[in-house]
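Residues 6 to 212 in the numbering used here are what the sequence shown spells out, letter by letter. The structure under discussion appears below in the form of C-alpha cells.
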Amino acid sequence: MLQVTVALPSGRAECFSVDQGSTVGDLKVLAQQTLQQGFLRLVTTEGRVLDDFQQSLLTAGLQDGDHVTAFVLQPRVVGTSRADLWKDDRGGAFALWFPGGESIITWGHPNCGGDSSAVQSQLKGVQQLQATSCAFAAILADGSVVSWGHPVRGGDSSAVQSQLKGVQEIQATEVAFAAILADGSVVSWGSPVFGGDSSAVQSQLKG
C-alpha cells in the first residue's frame with residue numbers, strides 16, 4: 006500500500022491509502038470524491054503534472070509518503086460558430102471540457118460535433134479545444150490532435166494526422182483549422198477555400 010497526501014492550495018488535505026497498482030486516475034477520482042471537488046489537476050512537489058490517468062502511481066514516480074497538490078479547475082464551454090445559422094439548417098454544437106480532463110461532453114447537431122462518441126476514448130488530457138462552424142479539434146497532453154464533426158469543415162484531420170505532433174496551438178476559420186507545431190511550422194486542414202490547404206506557402210511557414 007502507498008500513503009499519498011493530496012492537499013488543496015487552501016491547506017485542506019487528505020491522506021489516502023491506495024494499492025501500489027493504483028493509477029493516477031484512481032487517485033484523482035478518490036481525491037475529487039473525498040475533497041468534494043468537481044475536477045482536480047494533481048501536481049507533484051517537483052512540479053510535474055500527473056495527467057496520464059492510465060499510468061500507475063509507481064510509474065508516475067510517486068512513493069510512499071509523498072505529497073501532491075490538487076488544483077481545482079473550472080469547466081470551459083466551446084461552441085461551433087454559425088454566423089449564417091438563420092439561413093442554414095445544419096445547426097451547431099457545444100462541447101464542455103476541463104483542461105487536462107478525461108472526457109468531453111458534447112451536445113447539439115451530431116454532424117456538427119454534437120456526437121463525439123467515435124473519438125471519446127481518445128479525448129484524454131485535453132489541453133485546448135477549438136471549433137469551426139461545424140467541427141471541433143482538441144490538443145491532447147502529448148501534443149497530438151483529435152478532431153470530429155463535419156469532415157469537410159475540419160472534422161477529419163486524417164490526411165495530416167501524422168504531421169500533428171507537438172502541437173502548441175490551434176486556430177480556426179469557419180471551416181478550417183491551422184495548428185502551430187513546436188518547431189514553429191504550421192499544419193492546416195479543412196476546406197481549402199477557407200484556409201485548409203497551406204501547401205502553396207508551406208515553405209514559408211517556418212518558426
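Every residue gets a Cβ at the ideal spot worked out from N, C-alpha and C, and that includes glycine.
- Distance from the CA atom of ALA136 to the CA atom of VAL83, rounded to whole angstroms, is 7 Å.
- Annotation for VAL198: no beta strand (DSSP E) segment contains it, and DSSP assigns it neither H nor E.
- By the neighbour-count criterion, in which a residue is buried when 16 or more other Cβ atoms sit within 10 angstroms of its Cβ, ALA164 is exposed.
- Under the three-state reduction of DSSP, LEU35 is assigned to helix.
- For GLU19, the enclosing beta strand (DSSP E) covers residues 18-23.
- Burial of GLU179 is indicated by the presence of at least 16 other C-beta atoms within 10 angstroms of its C-beta.
- As the crow flies, the alpha-carbon of VAL206 is around 23 Å from that of GLY148.
- Counting along the chain, VAL151 sits inside the beta strand (DSSP E) bounded by residues 150-154.
- Sequence-distant Cβ neighbours of PRO104 in its own chain, meaning closer than 6 Å and more than five residues away, are LEU78.
- Beta-bridge pairing by DSSP links GLN127 to no other residue.
- Shown here, SER61 sits in a strand according to DSSP, grouped into three states.
- With 16 or more other CB atoms across the displayed protein chains lying within 10 angstroms of its CB, GLY159 is buried.
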